[in-house]
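Undergrad: Residue numbers (the numbering used here), protein chains in the order written: chain A, 529 to 854; chain B, 529 to 854.
For glycine and all other residues, C-beta sits at the position ideal for the given N, C-alpha and C.
Here it is, the structure, as C-alpha cells.
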DNA sequence: TTGAAAGCGGTACCAG
DNA sequence: CTGGTACCGCTTTCAA
C-alpha cells in the first residue's frame, strides 16, 4: 500500500480512505490513487486491515455434513444473502459435538464476525466459548427456546406430530419410524419424541421395534425401510424422516413391486425435488431451509450493524404437503 | 497473550512457542502456560499470527453452485483431507466467470494459502491475479492441459466420447444430447464436442435440434427430456449429462409409462446413489469426484510444504458403468 | 480533505 | 530453552 501511496503522491492514510470510503477523498486524488493501484497491481491485505480495525467480514458456518443437500440449501440461502458484503467459512462437524467444538475454536481464533450453527446441541465448552466471546451467533434448523444468542428454524417436534397425526387420520394404526441416528442430533430426538407423543395420545402402542435408525443416503433409507417392513409385515405405514431416506424407501419399494400406499404407506420429511419426483410422489413435511439461511443472514446483519432485533427466536414453521404416498 | 505471559511469568515469546511447538519449551514452563491459558480463557488471534508470519492455513474454494451435489462431493473430499491442518473458505460463483473473479479477489485479499477452482475457464484478470500472486492453485474437475498452476480431474471430452460410442455400439442411431447450458462452462462444451465427434466419426448425422440445454435439477432434466423426446419421437437414445438431469429424465419417463430403454434409451453421467437407485438403473459415467478433492488437497499440501510435485496435471479418469437404461 | 503517530496481537530473528 | 526487539500492513485517533 505504501507503493500505491508514493505512486499517487499521497499518504497511506489517503489510500486507505479511498479504498473504504471513496466519497471522503477528492475526485482528483481518487483518480490518481486508482491509477496507482492499477499500475502496481495492489491487492489489499485484509488480515492487516482486520487486525487494525478489529473487525472481519467472515461468517463461520458449521454443518453436520456437507453431503446432505438439506444443509447445503441453508448454506446457499446464507451465502446468497451475505453475498457481496461478507464471506463464508464452512466447517463440517461430521455430526459430532467435538467436531463442532473444534470448528468453533478455529472460527474464534480467526475472529469471524458471526457464527451459524446447524445444530442446537453443543458441548458445554462450545456454548461457553461462544457466550464469552460475545460474538453474534445463530442456531438454525431446530428451534431453540433458549438460544446462545439467536435462533431461526422450526419445531421438529411439532412437525413430527403433524405427520404422525396425519397418518393416523388416514386410518393407519401400525406406524413405524425411520430416521438417522439420534446421537448428538436433537432434530432426530425431537422428531422421535413427537412421533411417540402422538402415538400415545391416540392410544396406539409405541413399539420400540417399530423404530429404526438408518444409514444416510438413498441406499441407507432403502435398506432400513426394506429391513423394517420385512421384519414387521404387519406395519401399515412408516414415517421416514430426514436426508433422502424416504425417496430411497420409495425407490426400493418400486424395485420390489410393493405398491405404495396400498401395501405400505410412507410419510416423509423435507421437500427437495426428489420427494416430488418419485412415483408415487411423497407426502412430506416442507421445511423452509433456504429461507432459514436467508433469515439467519438478515438477523446477523442487523446485529452487526447494531440494530436491535425484534425477536431473538424466529419460527419459520413448516407445511405438510399431501401427495400420493400415504 | 500478554495476560497469559504474565500469569505464567514468562515472556510472550515463550507463550507463542508453547502454542506452536510445545516440544521447544520445557515441560514445567509448558504446564504453567497451559494453566494460564485455561485461567484466562485466552483465544489466540490468528489474524495477528498470520500477519506476522505471512502465512495462513485457509484454503479458498470456488464452486459454480453449492446446490449441486457433484461439487459438494469434491468439497467433502477436500475438506476431509485438509481437516485438522487447514480451513476451508467456500464461495459460490453462480456459474459465472465474473463471480469467480470476485471470489478470487476476495480470497487473495484474505491471503488464503491456496485456491481451488472448480472451473477451468477464467477471465483474463482471474488468471493474471492468480499467476501474479504466485499462490498455490488447483483447477479441479475438467482436466486442463496447461493449468494456471496445477490440475486434477478427468477428460470430459473422452468421457462423452466413451458414452456416445457405447450407445452407438448398442445399436442406437438417432441419439440426442441434453446438458446444462454451455455458457462459461467448459465441462459442457467438452462433452458436447466429444458427443459430436463420435457421431461424425460413426457417419451419423449430428442434428442441432437433437441437442438441448436444460435447467438444473430433477425437474429441469425431466422437462428437457420430455420436451426433446416429444418433439422428436424418432429419437432412439439420449445422452443426458450433468447434475441430476438423467435421474430426472428416468423419473419422468416412469410417470409417463415410457419404457426404458425400449421406447427410449438413456446414457447418463455422474454416479451418485440416485443414478443407481432409479428403475431402471442408469448406465452412466462415474467420475471420481471425492477422490479429486482428496488429491487436490494432497497436491496443495505437498506444494505448501515445499515438496516438488511429480505431476502438475493428474488425470484420475472415469469409468463407464453399464446398467439397464441403455 | 489530508497526514503523522501509535497501535492491533502476534512472529521472525538474533542474542544470551 | 528463553527473551528482546523489530516489524507484518493496515486503521484509529487526533491535528492541521
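What is the C-beta distance between residue 746/B and residue 772/B, in whole angstroms, given that I count them as a contact (C-beta under 8 angstroms)?
TA: Within the second chain, numbered from 1, the residue matching residue 746/B stands at position 218. Within the second chain, numbered from 1, the residue matching residue 772/B stands at position 244. Sure, about 5 angstroms apart at Cβ, within 8 angstroms.
Undergrad: Roughly how many whole angstroms lie between the Cα atoms of residue 845/B and residue 585/A?
TA: Start at 1 with the first residue of the second chain, and residue 845/B comes out as number 317. Start at 1 with the first residue of the first chain, and residue 585/A comes out as number 57. When rounded, the distance between both Cα atoms is 39 angstroms.
Undergrad: Determine contact between the segment 702-718 of chain B and the segment 764-780 of chain B, defined as no fewer than three beta-carbon pairs at a distance below 8 angstroms.
TA: Counting Cβ pairs under 8 angstroms, three or more are found: they touch.
Undergrad: Excluding sequence positions up to five away, which residues of its chain have a Cβ less than 8 angstroms from the Cβ of residue 606/A?
TA: Here residue 606/A refers to the residue found at position 78 of the first chain. Contacts found: 587, 589, 616, 644, 821, 822, 824 and 825.
Undergrad: Taking only beta-carbon atoms, is residue 542/A less than 8 angstroms away from chain B?
TA: In the first chain, counting from the first residue as 1, residue 542/A sits at position 14. Not one chain B Cβ lies under 8 angstroms of residue 542/A.
Undergrad: Just how far apart, CA to CA, sit residue 529/B and residue 549/B?
TA: Here the question's residue 529/B lines up with position 1 in the second chain. Here the question's residue 549/B lines up with position 21 in the second chain. Between residue 529/B and residue 549/B, the C-alpha separation is close to 16 angstroms.
Undergrad: Report the residue from 748/A, 533/A and 788/A whose alpha carbon sits nearest the alpha carbon of residue 851/A.
TA: Here residue 851/A refers to the residue found at position 323 of the first chain. Cα-wise, what sits closest to residue 851/A is 788/A.
Undergrad: Who are the neighbours of residue 796/B on chain A, taking C-beta pairs under 7 angstroms?
TA: Numbered from its first residue, the second chain carries residue 796/B at position 268. Ordered by position in chain A, no residue passes the 7 angstroms Cβ test against residue 796/B, which lies about 15 angstroms from the chain.
Undergrad: CA-CA distance, residue 849/A and residue 791/A?
TA: Walking along the first chain from the start, residue 849/A turns up at place 321. Walking along the first chain from the start, residue 791/A turns up at place 263. Computed Cα separation, rounded: 21 angstroms.
Undergrad: Quick one, which of 634/A, 621/A, 797/A and 641/A has its alpha-carbon nearest residue 649/A's?
TA: As a position in the first chain, residue 649/A is number 121, starting the count at 1. When only C-alpha atoms are compared, the closest one is 621/A.
Undergrad: Could you tell me whether the segment 648-664 of chain B touches the segment 800-814 of chain B, using the rule of 3 or more Cβ pairs below 8 angstroms?
TA: Output reads no: the segment 800-814 of chain B does not touch the segment 648-664 of chain B.
Undergrad: Taking beta-carbon pairs under 7 angstroms, can you tell me which members of the segment 585-597 of chain B lie near chain A?
TA: Residues passing the 7 angstroms Cβ filter: 594, 595 and 597.
Undergrad: Check whether the segment 564-581 of chain A and the segment 618-633 of chain A touch, using three or more Cβ-Cβ pairs below 8 angstroms as the test.
TA: Flag = no, the segment 564-581 of chain A and the segment 618-633 of chain A do not touch.
Undergrad: Quick one, are the C-beta atoms of residue 695/A and residue 765/A less than 8 angstroms apart?
TA: Stepping through the first chain from its first residue, residue 695/A is reached at position 167. Stepping through the first chain from its first residue, residue 765/A is reached at position 237. Cβ distance < 8 angstroms, so residue 695/A and residue 765/A count as in contact.
Undergrad: Going by Cα to Cα distance, which pick from 853/B, 542/B and 582/B is closest to residue 565/B?
TA: In the second chain, counting from the first residue as 1, residue 565/B sits at position 37. Nearest option by C-alpha distance: 542/B.
Undergrad: Got a sec? Which residues, its chain only, sit under 6 angstroms from residue 678/A by beta carbon, not counting five neighbours each side?
TA: In the first chain, residue 678/A corresponds to position 150, counting from 1. Hits under 6 angstroms: 666, 827 and 840.
Undergrad: Can you tell me whether residue 548/A is helix, strand or coil according to DSSP?
TA: In the first chain, residue 548/A corresponds to position 20, counting from 1. Helix.
Undergrad: Buried or exposed for residue 740/B, going by 16 or more other Cβ atoms inside 10 Å?
TA: Looking up residue 740/B in the second chain gives position 212. Label assigned to residue 740/B: buried.
Undergrad: Drop a sphere of 10 angstroms on the beta-carbon of residue 837/A, count the other beta-carbons inside from all chains shown, and report buried for 16 or more, exposed for fewer.
TA: Indexing the first chain from 1 puts residue 837/A at position 309. Classification for residue 837/A: exposed.
Undergrad: If we require 3 or more residues per run, which beta strand (DSSP E) segments fall completely within the segment 731-794 of chain A?
TA: 739-741 and 765-768, all fully within the segment 731-794 of chain A.
Undergrad: Quickly, what does DSSP pair residue 667/B with across the bridge? List them, please.
TA: Here residue 667/B is taken as the residue at index 139 of the second chain, counted from 1. DSSP lists 645/B and 679/B as partners of residue 667/B.
Undergrad: So is residue 833/B buried or exposed if we call it buried at 16+ other beta carbons inside 10 Å?
TA: Numbered from its first residue, the second chain carries residue 833/B at position 305. By the neighbour-count rule (16 or more Cβ atoms within 10 Å), residue 833/B is not buried but exposed.
Undergrad: Can you confirm whether residue 570/A, when its beta carbon is compared against all beta carbons of chain B, has any partner nearer than 8 angstroms?
TA: As a first step, residue 570/A is located in the first chain; it is residue number 42 there, counting from the start. So no, residue 570/A is outside the interface.
Undergrad: Chain A partners of residue 776/B, CB-CB under 7 angstroms?
TA: Start at 1 with the first residue of the second chain, and residue 776/B comes out as number 248. Residues of chain A passing the Cβ test: 805.
Undergrad: Can you tell me whether residue 593/A is buried or exposed, with buried defined as 16 or more other CB within 10 angstroms of its CB?
TA: Locating residue 593/A in the first chain gives position 65, where the first residue counts as 1. Burial call: buried.
Undergrad: Keeping to the same chain, check which residues put their C-beta closer than 7 angstroms to that of residue 610/A; ignore five residues upstream and five downstream.
TA: One-based indexing of the first chain puts residue 610/A at position 82. Cβ within range, chain order: 587, 616 and 825.
Undergrad: So, is residue 604/B buried or exposed, given that buried needs 16 or more other C-beta atoms within 10 angstroms?
TA: What you label residue 604/B is simply residue 76 of the second chain in a count that begins at 1. It counts as buried.
Undergrad: Alpha carbon to alpha carbon, how far is residue 738/A from residue 705/A?
TA: Residue numbering aside, residue 738/A sits at position 210 when the first chain is read from its first letter. Residue numbering aside, residue 705/A sits at position 177 when the first chain is read from its first letter. Taking the straight line from one Cα to the other gives about 6 angstroms.
Undergrad: Output needed for residue 535/A: all residues of its chain with C-beta closer than 7 angstroms, excluding positions within five of it in sequence on either side, in chain order.
TA: Start at 1 with the first residue of the first chain, and residue 535/A comes out as number 7. 564, 567 and 568.
Undergrad: Would you say residue 623/B and residue 712/B are within 8 angstroms of each other, going by their C-beta atoms?
TA: For the purposes of this step, residue 623/B is taken as residue 95 along the second chain, with counting starting at 1. For the purposes of this step, residue 712/B is taken as residue 184 along the second chain, with counting starting at 1. In contact: residue 623/B and residue 712/B (Cβ atoms closer than 8 angstroms).
Undergrad: Measuring straight from C-alpha to C-alpha, what distance separates residue 808/A and residue 632/A?
TA: If you number the first chain from 1, residue 808/A lands on position 280. If you number the first chain from 1, residue 632/A lands on position 104. Going from the Cα of residue 808/A to the Cα of residue 632/A covers about 42 angstroms.
Undergrad: Could you spell out where the alpha helix (DSSP H) holding residue 635/B opens and where it closes?
TA: Mapped onto the second chain, residue 635/B falls at position 107. Run containing residue 635/B: 625-637, per the alpha helix (DSSP H) assignment.
Undergrad: Taking all protein chains shown into account, decide if residue 691/A is buried (16 or more other Cβ within 10 angstroms of its Cβ) or exposed.
TA: Counting from 1 along the first chain, the entry for residue 691/A is found at position 163. Burial call: buried.
Undergrad: So, for residue 762/A: in the same chain, excluding its five sequence neighbours on each side, which residues have a beta-carbon less than 8 angstroms away from its beta-carbon?
TA: Taking the first residue of the first chain as 1, we reach residue 762/A at position 234. Closer than 8 angstroms at the Cβ level, and outside the excluded window around residue 762/A, lie 702.
Undergrad: Can you name the residues of chain B whose CB is closer than 8 angstroms to the CB of residue 617/A?
TA: Start at 1 with the first residue of the first chain, and residue 617/A comes out as number 89. In chain order: 586, 615, 616, 617 and 618.
Undergrad: Please list the partners that residue 747/B has in chain A, where partner means a Cβ-to-Cβ separation under 7 angstroms.
TA: Taking the second chain and counting its residues from 1, the one referred to as residue 747/B is at position 219. The contacting residues are 801 and 805.
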